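Data first, discussion second: the structure below is written as structure tokens.
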Amino acid sequence: MSFSDRQLKAMVFSPKLAACLSFPGSCFILGETLLDYRESKRTGQRSTTPMQRALAGMSLVDILSSLAWFVSTWAAPKDSGAMYAAGNGNTCRVQGFLLQVAIGAPLYNGALILYYVLTIKYKWTPQEIFHIEPWIHAFIWIWCIGTSAVALGKDLLHFIGPVCWIADPPECWLEEIPNGVECGAAKKYSTFMFCVPLWICILATIYGLVAIFLALRATVRRMSTRTIAGQQTNVMRRSANDLNAVALRAVLYSVAFVLTWTASTIWSVAQWFDHYPFWISYMWTLMEPLQGFWNVLIFLHSRPQSREKLARRFKSLPRSFLVTSDNSGASATPPTSSSGTNNRFNSSDKKNEARSEHSTTERTSLFMIDTDVPHSGRHVSVKFVDTTNVSADAKVESTPNVVVEKGEEEGTPTEEVVRGEEE
Numbered sequence: 001m002s003f004s005d006r007q008l009k010a011m012v013f014s015p016k017l018a019a020c021l022s023f024p025g026s027c028f029i030l031g032e033t034l035l036d037y038r039e040s041k042r043t044g045q046r047s048t049t050p051m052q053r054a055l056a057g058m059s060l061v062d063i064l065s066s067l068a069w070f071v072s073t074w075a076a077p078k079d080s081g082a083m084y085a086a087g088n089g090n091t092c093r094v095q096g097f098l099l100q101v102a103i104g105a106p107l108y109n110g111a112l113i114l115y116y117v118l119t120i121k122y123k124w125t126p127q128e129i130f131h132i133e134p135w136i137h138a139f140i141w142i143w144c145i146g147t148s149a150v151a152l153g154k155d156l157l158h159f160i161g162p163v164c165w166i167a168d169p170p171e172c173w174l175e176e177i178p179n180g181v182e183c184g185a186a187k188k189y190s191t192f193m194f195c196v197p198l199w200i201c202i203l204a205t206i207y208g209l210v211a212i213f214l215a216l217r218a219t220v221r222r223m224s225t226r227t228i229a230g231q232q233t234n235v236m237r238r239s240a241n242d243l244n245a246v247a248l249r250a251v252l253y254s255v256a257f258v259l260t261w262t263a264s265t266i267w268s269v270a271q272w273f274d275h276y277p278f279w280i281s282y283m284w285t286l287m288e289p290l291q292g293f294w295n296v297l298i299f300l301h302s303r304p305q306s307r308e309k310l311a312r313r314f315k316s317l318p319r320s321f322l323v324t325s326d327n328s329g330a331s332a333t334p335p336t337s338s339s340g341t342n343n344r345f346n347s348s349d350k351k352n353e354a355r356s357e358h359s360t361t362e363r364t365s366l367f368m369i370d371t372d373v374p375h376s377g378r379h380v381s382v383k384f385v386d387t388t389n390v391s392a393d394a395k396v397e398s399t400p401n402v403v404v405e406k407g408e409e410e411g412t413p414t415e416e417v418v419r420g421e422e423e
């Protein structure tokens with residue numbers, strides 16, 4: 001491999017940038033899933049869906065691999081000749097171990113498309129998928145940790161390109177290979193432990209997309225037949241919309257998977273012939289660390305409440321910065337007001353807070369009065385009346401009166417998945 005300095009810098013810094021986008025995205029998905037799980041345990045209601053748990057597992061794998069990609073050549077031994085190398089043999093092995101664990105991301109993508117096919121094509125419920133789910137999680141992590149341990153035990157983790165991974169020892173690149181140095185074993189192990197599972201997952205994803213397309217086409221035909229016969233109902237239309245929403249997420253996650261791992265697949269084939277074109281190597285280092293970034297975009301698209309939460313956090317950042325600055329300035333200035341003045345200020349603050357809460361309640365009441373809310377296969381008519389009393393000592397008493405009128409209720413396995421993922 002002989003690249004110019006400009007090309008090497010591009011291959012060194014591209015994975016750092018991609019990892020900076022992917023790491024927070026995967027952390028956000030994992031955090032939201034854990035919050036959903038804790039909330040379901042507290043309320044005793046619906047738990048997370050199999051798709052959410054598979055996405056959480058994929059996010060955990062991506063967090064580990066993003067850290068390894070961000071380090072890039074820093075983990076390479078100083079005598080390896082890599083640009084910005086600052087590590088040693090141990091740091092190189094740790095990075096290679098984490099990048100082999102990254103095979104869990106394609107495996108979880110395969111599990112995700114399997115869950116979608118079982119839900120859309122075969123009408124499995126989340127409870128039915130739960131019976132096979134622990135075995136799938138166990139297999140994925142046993143394969144990730146097991147193959148990484150094998151590569152570490154056989155001393156197959158060496159510097160290759162911009163990172164350390166399964167590769168032959170550096171002595172194999174010399175004109176005269178020293179005696180006792182085994183060359184060629186890395187290609188066999190990397191093909192079996194990484195490339196073969198990756199290709200199986202790609203083929204499974206293609207099959208899953210075809211199966212989902214055929215299932216949707218059959219559903220559309222049934223809906224068209226019943227529409228002509230005058231038998232289509234609101235429940236059937238909602239079920240079809242839910243099915244389309246689940247299928248759209250399956251397609252988006254599959255497209256993200258293909259975008260992420262296509263370049264890695266081409267690079268893996270190129271290494272068999274000891275041919276590493278720059279564009280293949282660059283796309284590999286740029287696209288593979290982006291798995292978490294694509295996932296969080298799809299995750300936010302399907303969860304409006306998470307999108308709103310993230311927007312509120314970004315909006316509160318400047319305010320938090322200003323509050324911190326004001327507090328630091330106030331702490332440097334000694335207090336000069338008397339206790340009576342402080343009491344008046346505190347009382348005024350309490351009254352302002354009470355008025356703010358009262359106005360917020362009024363706005364909520366205006367928004368919620370006589371609103372028809374479609375949710376989870378039922379029409380709910382909500383009337384919200386709030387009575388707020390602000391006393392002289394600024395205490396607030398709020399008595400909400402909610403009247404809920406329910407219409408017809410009917411659920412399907414697909415609707416359960418939609419409700420679980422959106423909540």
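Residues 1 to 423 in UniProt numbering are what the sequence shown spells out, letter by letter.
No residue lacks a Cβ here, since even glycine has one placed at the ideal position from N, Cα and C.
Computed from a predicted model, the values in this text were never measured in an experiment.
By the Cβ neighbour-count rule, tryptophan 294 is buried, with 16 or more other Cβ atoms within 10 Å of its own.
Cβ neighbours of aspartate 168 within its own chain (closer than 6 Å, five residues either side excluded): Cys183, Ala186.
The closest CA to that of phenylalanine 213, considering only Ile113, Ala149, Leu152, is found on Ile113.
Collapsing the DSSP output to three states places proline 162 in coil. The residue among Leu21, Gly31, Tyr108 with its C-alpha nearest the C-alpha of phenylalanine 70 is Leu21. For glycine 87, the secondary structure class from DSSP, reduced to helix, strand or coil, is strand. If you check the CB distance, isoleucine 166 and serine 190 come in under 7 Å. Glycine 81 is positioned such that its CB atom lies no closer than 7 Å to that of glycine 292. Looking at Ala86, Ala105, Thr225, the one whose alpha-carbon comes closest to that of leucine 290 is Ala105. The beta-carbon distance between leucine 98 and leucine 64, rounded to whole angstroms, is 5 Å. This is short enough to meet the 8 Å contact definition. Apart from sequence neighbours up to five positions away, the residues of its chain that approach alanine 151 with a beta-carbon distance below 6 Å are Gln100, Leu157, Ile166, ordered along the chain. If you check the CB distance, alanine 102 and isoleucine 136 do not come in under 7 Å. By the C-beta density criterion, glutamate 175 is exposed, having fewer than 16 other C-beta atoms within 10 angstroms.
Of the other Cβ atoms in all chains shown, 16 or more fall within 10 Å of the Cβ of leucine 209; this residue is therefore buried. The C-beta distance from phenylalanine 159 to proline 77 rounds to 7 Å, short enough to fall under 8 Å.
Only residues of its own chain outside the window of five on either side were considered, and among them Pro50 have a CB closer than 6 Å to the CB of glutamate 133, listed in chain order. Taking the CA atoms as reference points, aspartate 274 sits about 15 Å from serine 264.
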